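S.K.: Questions regarding the structure given below will be posed in turn.
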Amino acid sequence: MNTSDVLIIGAGVVGCAAAYYLRKNGVSVTVLESDMIGNGGSSRNGGGVRISGRDPRELGICAYGVKNIWPTLSEELGIDVEYRQKGYLVCGYDDSHKRLIKDRINTAAKFGIKMELKEEEEIRSLYPYVSEHVTCAGWTPSDGVANPLKTTLGYYIRARENGARFITGEKVLCIEKIKGRARKVITESGNVYEAESIILACGYGGRKILNSVGIEVLMQKKLEEVIVTEPAPRLFDHMIGGMSGFYGQQTEHGSFVLGSSCGRETYLFNKSNTVSTYSAPSFICDSIGVDIPALKKLKVIRTWSGWIDRSYDAVPIIGNIEEVPGLFVSIASSGHGFGPGPAVGFILSELAQGRPSPVDISKLHYDRFDYVKYQDRYFVSDVGGSFS
Amino acid sequence: MRRYDVCIIGAGPAGLSAAIEAQKLGMKSAVFDENHRPGGQLFKQIHKFFGSKEHMAKIRGFEIGKELLEEAKNVGVDVHLDAVVMGIYEPHRITVREDDSITSYSADSIIVSTGASEKTIPFEGWTLPGVIGAGAAQTMMNLYGVRPGKKILMMGSGNVGLVVGFQLLQAGCEVAALIDAAPRIGGYGVHAAKLARCGIPFYLSHTVVKAEGNGKVEKVTIAEIDKNWEFIPGTEKTFDVDTVCLAVGLTPMSQLLRMAGCKTKYAGGTVPVCDKFGETSIKGLFASGDVSGIEEASSAMIGGKISAVGAAFRCGFINEKEREQKYDEYSLSLFKLRKGLFSKENKGRTDITKTDEGIDLSMTLFKKGYMTEEELKKFVRNSEIKGPHPVIECTQNIPCNPCEDSCSFGCIHVGNEISAVPKFDENKKCRNCKMCVASCPGQAIFIVDNDIGDGYASVSFPYEFCPLPEIGEKGFALGRDGKDLCVAEIIDVTTNKAFDSTAVVTMKVPKEMSMTARFYRKEVPVNE
Amino acid sequence: MSKIIDRSADIGEFVPEKDDDILVCRCEEITKGEIRKAVHMGLYTMTEVKRFLRPTMGLCQGQICGENVRRIIAKELKEPIEALKETTARPPVRPIEMEVFGNEVEKL
Chain A
152 MNTSDVLIIG
162 AGVVGCAAAY
172 YLRKNGVSVT
182 VLESDMIGNG
192 GSSRNGGGVR
202 ISGRDPRELG
212 ICAYGVKNIW
222 PTLSEELGID
232 VEYRQKGYLV
242 CGYDDSHKRL
252 IKDRINTAAK
262 FGIKMELKEE
272 EEIRSLYPYV
282 SEHVTCAGWT
292 PSDGVANPLK
302 TTLGYYIRAR
312 ENGARFITGE
322 KVLCIEKIKG
332 RARKVITESG
342 NVYEAESIIL
352 ACGYGGRKIL
362 NSVGIEVLMQ
372 KKLEEVIVTE
382 PAPRLFDHMI
392 GGMSGFYGQQ
402 TEHGSFVLGS
412 SCGRETYLFN
422 KSNTVSTYSA
432 PSFICDSIGV
442 DIPALKKLKV
452 IRTWSGWIDR
462 SYDAVPIIGN
472 IEEVPGLFVS
482 IASSGHGFGP
492 GPAVGFILSE
502 LAQGRPSPVD
512 ISKLHYDRFD
522 YVKYQDRYFV
532 SDVGGSFS
Chain B
-10 MRRYDVCIIG
0 AGPAGLSAAI
10 EAQKLGMKSA
20 VFDENHRPGG
30 QLFKQIHKFF
40 GSKEHMAKIR
50 GFEIGKELLE
60 EAKNVGVDVH
70 LDAVVMGIYE
80 PHRITVREDD
90 SITSYSADSI
100 IVSTGASEKT
110 IPFEGWTLPG
120 VIGAGAAQTM
130 MNLYGVRPGK
140 KILMMGSGNV
150 GLVVGFQLLQ
160 AGCEVAALID
170 AAPRIGGYGV
180 HAAKLARCGI
190 PFYLSHTVVK
200 AEGNGKVEKV
210 TIAEIDKNWE
220 FIPGTEKTFD
230 VDTVCLAVGL
240 TPMSQLLRMA
250 GCKTKYAGGT
260 VPVCDKFGET
270 SIKGLFASGD
280 VSGIEEASSA
290 MIGGKISAVG
300 AAFRCGFINE
310 KEREQKYDEY
320 SLSLFKLRKG
330 LFSKENKGRT
340 DITKTDEGID
350 LSMTLFKKGY
360 MTEEELKKFV
370 RNSEIKGPHP
380 VIECTQNIPC
390 NPCEDSCSFG
400 CIHVGNEISA
410 VPKFDENKKC
420 RNCKMCVASC
430 PGQAIFIVDN
440 DIGDGYASVS
450 FPYEFCPLPE
460 IGEKGFALGR
470 DGKDLCVAEI
480 IDVTTNKAFD
490 STAVVTMKVP
500 KEMSMTARFY
510 RKEVPVNE
Chain C
-16 MSKIIDRSAD
-6 IGEFVPEKDD
4 DILVCRCEEI
14 TKGEIRKAVH
24 MGLYTMTEVK
34 RFLRPTMGLC
44 QGQICGENVR
54 RIIAKELKEP
64 IEALKETTAR
74 PPVRPIEMEV
84 FGNEVEKL
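Residue numbers (the working numbering), protein chains in the order written: chain A, 152 to 539; chain B, -10 to 517; chain C, -16 to 91.
Below, the structure is given as structure tokens:
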């Protein structure tokens, strides 16, 4: 009974999207989820759908999603995922930030993406809600936002409706090979599932599962925290971020969802759950109050946090694994995996059906960390509102 | 960050009691409350409490609140008011909003005594202004002196519904009816009887169909329900009321405990899994009062003390032996309160038909809020007794004994088991001091003299309404069902300090009415 | 650990009820019928229903409607209320202005 063409581990946005696209092609799918639908990073993010500020290696996937999937997703699913392409404003406060923005503009230009530098005067007139503290800004008109909860659950609802079998609370312990190919999955409850291909898309938890077939990836768990306000009249409809590390949006509903980290999370005592820490929400409120003073009077009604499965170079690992034929992965989204999520789900569904990826994903290969040479060292920066 | 040995969240009966106990045991204690006034629900409680002396019985709730607050100050507890605890973090850290800032406090132990909030029940029109919680009604009346409405329908016949229903009458509101979906009145019979003799009808197995009105409640329709909670067509009744009070239960405000990550279970709401000291699955994190399971203020006060004892041991202020000694003392007191017909284990049972003493319970009391004379006769022997004597209409096993303590002449017997039904000892002589009438928290004791001459009897009854009747005035004697019985003349109105605002009114009624006349209404002349 | 739920298991058809249009969550204006329908769309946990429809997500954070929402979902799944996991309780317990939340001070 527990046999299907494709087995997906993880019911996040990628897993649910992959299941949806596989069912569209009539492929039988089982999705195993250790917790519930979309309870990881897929539901715990700012909802950014952005191409700007991306590492060139993942830009292709992001652009594919923004071009081919996001604009028609609500229509396709029959569920409003609240996607709107109204731009992304990244706030900077000094000359070093201006230089960083200029670098991003250059990178974007190479890939034909329009991004502009906004100087002080223009900021004052175009974005009157940001404070004088903001002296420069990057503006990318093609970026946007969506509702991560409805996107993930929307894919799930339609995939399930179309016959994908979802089993939640079923924690996968290991993958087993049969005749050299990934074919079998064993869960904590002792259940065994078999499939022709396996898609692994379950965040940090995927690391242990990969270990079970001898694969190690360079990953770290990092807490990211978010505050949610009461609904307010529309102030702006674009995505916003700041060089102080925050990012977020005013949702369709009217509430502001704003995230950041205060840098101390990783060092906190025995942090075992996703209830926010005592310091980060205060820090977020304080720093956002500086950049967007109009929000200071709004009430925060909820805070939450989520784990980022961050790879060594903060770029996701996507694609097949040579040593384990039949296994396709999307892990280490590194805190910006929601925006490309639908595209990644689609790409994995293609790979699992033996078809090539519509975009080049070769540079996202898992073994890129295997050989360290001086010139290959990655300089990784946390700064810059780069989270989606 | 500020440090205390123990931080207590919530300055209600449990929290204040815990703080006092903790401070007495040598712990530097702080109690935080989000309200401007401490005391939790105590300051709304204008009725006299049940229990025995050790439980502060027959004292009105707000007086208990004052006493606790005074004691907390005297022993040196830091009371933080307008202090909202926003979050609780591992290990033992809380963040508190005070004025326009946030401060972190840490403590070796934390006692959560955040109490409960009112449940709601959605029905058509429940979001109209005028549908309010019974607790909200109580806050308006008893804290702010505002009548919640003119004419009110009370939904829920538990003690909250009964007590607040009566307080609404005291505040001068009209109570159209008291309804409950259950087939039996859920609260104390004595509370129900107070309402019934004021003429308030009870509709059991009834619930609200809809509330209607133009921008506010103007009309409410109720109907009888069957076993499957389906409305029975044709049983609809409509009331022109402007307010619906919901007294449909309480749910523990356990968010802080859940946030801290302690193990919980469902018991009419989410409650923490605790040991006998109220310690949760997280060491040093305690819960006491309603947040650990809905009871009432008297048991919450003891629960608070027990948690403080647990916390004191956890922080090394007392040793295990001292802890167990204290626990034994307090748990005995708690044990006494947790007995009787309304105890946890008997909750919701409808198969109990006799008292612990083996006397048939009044079924009419469960249905209509009053007893028939036939039913009462099983408890009270009256006709042959000469002279004034107490008629005790307290017929359910409720843990309460102020009546026994109030009689200096030993006329009333309850015994060690305080949930026993009180009995008048006919061998003792009643001196008509009326202390028992004023002391009974259930207002269930009457002094009856079957023969005062000229074919009349006298009936003395507790009276807590304004204005008081005047001696010589005439009106109607009312039966237990609140219906007019006969003309009555007021022959005495006694108030004194020991009665604590409960007046004892004596009326003269025809002899044959001595066991039926239980209340009084002033006759309003037709031309007025 | 969460219990294992096969989301393809048959919970029966959605059957309209007379009081489906009653508001259950007042903050976010969600009706009983919407919640019941969401369950039939495969949202078998309180958290999923919350995330999709927003009941218990408003100013009161479920203090008022939480138990009613939980009961409706449990009933639809034909389970006792205690079998259905609650949503996570999160700080702040009461709504708090951003400027106050951001003003963390040391008090001695």
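By construction, the Cβ of each residue, glycine as well, lies at the ideal position given by its N, Cα and C atoms. Remember, predicted model here, so these are calculated numbers, not experimental data.
Quick one: does Val52(C) have its CB under 8 Å from some CB of chain B?
M.R.: It does not: the Cβ of Val52(C) has no partner Cβ on chain B nearer than 8 Å.
S.K.: To the nearest angstrom, report how far apart Thr227(B) and Met29(C) are at their CA atoms.
M.R.: Using only the alpha carbons, I get a separation of about 36 Å.
S.K.: Please return the same chain residues whose Cβ sits closer than 6 Å to the Cβ of Cys304(B), not counting the five positions on each side in sequence.
M.R.: Contacts found: Asp(-6), Asp97 and Ser98.
S.K.: Could you tell me whether any Cβ in chain C is nearer than 8 Å to the Cβ of Thr109(B)?
M.R.: Yes, its Cβ sits closer than 8 Å to a Cβ of chain C.
S.K.: For the stretch 316 to 350 of chain A, which residues have a CB atom closer than 9 Å to at least one CB atom of chain F, in sequence order?
M.R.: As a matter of chain content, chain F is missing from the structure shown, whose protein chains are A, B and C.
S.K.: For the stretch 442 to 468 of chain A, list every residue whose C-beta sits within 8 Å of some C-beta in chain C, in sequence order.
M.R.: So the list reads Leu446, Lys447, Lys448, Leu449, Lys450, Val451, Ile452, Arg453, Thr454 and Trp455, given in the order they occur along the chain.
S.K.: Over the uninterrupted alpha helix (DSSP H) stretch that includes Lys356(B), give me the two end residues.
M.R.: Where Lys356(B) is concerned, the enclosing alpha helix (DSSP H) stretches over Met352 to Lys357.
S.K.: In angstroms with no decimal places, state the Cα-to-Cα distance between Pro111(B) and Ala427(B).
M.R.: Spanning the two alpha carbons is a distance of roughly 40 Å.
S.K.: Have a look at Gln34(B) and Lys62(B) and give me their C-alpha separation to the nearest angstrom.
M.R.: For Gln34(B) and Lys62(B), the distance between alpha carbons rounds to 21 Å.
S.K.: What's the call for Phe538(A), buried or exposed, on a 16-neighbour Cβ count within 10 Å?
M.R.: For Phe538(A), the pLDDT reaches just 41, beneath the cut-off of 50, and the residue's location in the model is therefore unreliable, although a value from the coordinates is still provided. Classification for Phe538(A): buried.
S.K.: Using three-state DSSP, classify Trp218(B) as helix, strand or coil.
M.R.: Correct three-state label for Trp218(B): coil.
S.K.: Please report whether the beta-carbon of Arg19(C) lies at a distance below 8 Å from any beta-carbon of chain B.
M.R.: No, Arg19(C) does not count as interfacial toward chain B.
S.K.: According to a CB-to-CB cut-off of less than 7 Å, which residues of the stretch 227 to 258 of chain B neighbour chain A?
M.R.: The stretch 227 to 258 of chain B vs chain A, Cβ under 7 Å: Met248 and Gly250.
S.K.: On the DSSP letters alone, give me the boundaries of the alpha helix (DSSP H) that Cys(-4)(B) sits inside.
M.R.: Here Cys(-4)(B) belongs to no alpha helix (DSSP H); instead the beta strand (DSSP E) covers Arg(-9) to Ile(-2).
S.K.: Within its chain, find whatever has a CB closer than 8 Å to the CB of Val85(B); leave out the 5 residues flanking it on each side and keep chain order.
M.R.: Once the five neighbours on either side are set aside, the close Cβ partners of Val85(B) are Phe21, His69, Ala72, Val73, Val74, Met75, Ile91, Thr92, Ser93 and Tyr94.
S.K.: Verify the CB distance criterion: does Leu26(C) have a CB-CB separation below 8 Å to chain A?
M.R.: Yes, because at least one Cβ of chain A sits closer than 8 Å to the Cβ of Leu26(C).
S.K.: For Lys108(B), is the classification buried or exposed, using 16 other Cβ atoms within 10 angstroms of its Cβ as the cut-off for buried?
M.R.: Classification for Lys108(B): buried.
S.K.: Pairs of beta-carbons, one from the stretch 428 to 446 of chain B and one from the stretch 490 to 501 of chain B, closer than 8 Å: are there three or more?
M.R.: They touch, by the three-pair rule.
S.K.: Nearest chain B C-beta to Ser411(A) closer than 8 Å, yes or no?
M.R.: Chain B contact via Cβ: absent.
S.K.: Using the Cα positions of Tyr306(A) and Leu323(B), report the straight-line distance between them to the nearest angstrom.
M.R.: So the alpha carbons of these two residues sit roughly 54 Å apart.
S.K.: Here's a check: name, in chain order, each residue in its chain whose Cβ is nearer than 7 Å to the Cβ of Ile230(A), leaving out the five neighbours to either side.
M.R.: Result list for Ile230(A): Lys301, Gly305 and Ile308, in chain order.
S.K.: When you compare the stretch 332 to 346 of chain A with the stretch 192 to 210 of chain A, are there three or more beta-carbon pairs, one atom per stretch, that lie closer than 8 Å?
M.R.: No: fewer than three Cβ pairs fall under 8 Å.
S.K.: Label Arg453(A) either buried or exposed according to how many other C-beta atoms from any shown protein chain fall within 10 Å of its C-beta, with 16 as the threshold for buried.
M.R.: With 16 or more Cβ atoms within 10 Å of its Cβ, Arg453(A) is classed as buried.
S.K.: Which chain B residues sit within Cβ distance under 7 Å of Val426(A)?
M.R.: Correct list: Met248.
S.K.: On the three-state DSSP scale, how would you describe Pro451(B)?
M.R.: Pro451(B) falls in the strand class under three-state DSSP.
S.K.: Would you kindly report the start and end of the unbroken beta strand (DSSP E) that includes Arg510(B)?
M.R.: Where Arg510(B) is concerned, the enclosing beta strand (DSSP E) stretches over Phe508 to Lys511.
S.K.: Only counting the same chain, and skipping five residues up and downstream in sequence, which positions put a Cβ closer than 6 Å to that of Phe355(B)?
M.R.: Answer for Phe355(B): Arg173 and Ile174, listed in chain order.
S.K.: Any C-beta of chain C sitting closer than 8 Å to the C-beta of Gly76(B)?
M.R.: Output row for Gly76(B): interface = yes.
S.K.: Closer than 8 Å is the cut-off here; do at least three beta carbon pairs connect the stretch 406 to 416 of chain A with the stretch 371 to 382 of chain A?
M.R.: Yes, the stretch 406 to 416 of chain A touches the stretch 371 to 382 of chain A.
S.K.: Looking at the unbroken alpha helix (DSSP H) that takes in Tyr569(A), where does it start and where does it end?
M.R.: This structure gives no information on residue 569(A), because the portion of chain A shown stretches from 152 to 539.
S.K.: Listing by chain order, which chain A residues have their CB less than 7 Å from the CB of Thr84(B)?
M.R.: Those are Tyr429, listed as they occur along chain A.
S.K.: Would you mind reading off the limits of the alpha helix (DSSP H) that contains Phe518(B)?
M.R.: Because residue 518(B) is not part of the residues shown, which for chain B are -10 to 517, the question remains open.
S.K.: Below 8 Å between beta carbons: does that hold for Phe35(C) and Ala21(C)?
M.R.: Yes.
S.K.: Could you tell me which residues DSSP puts in a beta bridge with Ser243(B)?
M.R.: Its beta-bridge partners do not exist; DSSP assigns none.
S.K.: Are any of the Cβ atoms in chain A nearer than 8 Å to that of Ser95(B)?
M.R.: False, the Cβ-Cβ gap to chain A never drops below 8 Å.
S.K.: Indicate the three-state DSSP secondary structure (helix, strand or coil) for Thr342(B) in the structure shown.
M.R.: Looking at Thr342(B) - three-state DSSP - the assignment turns out to be coil, as it is neither helix nor strand.
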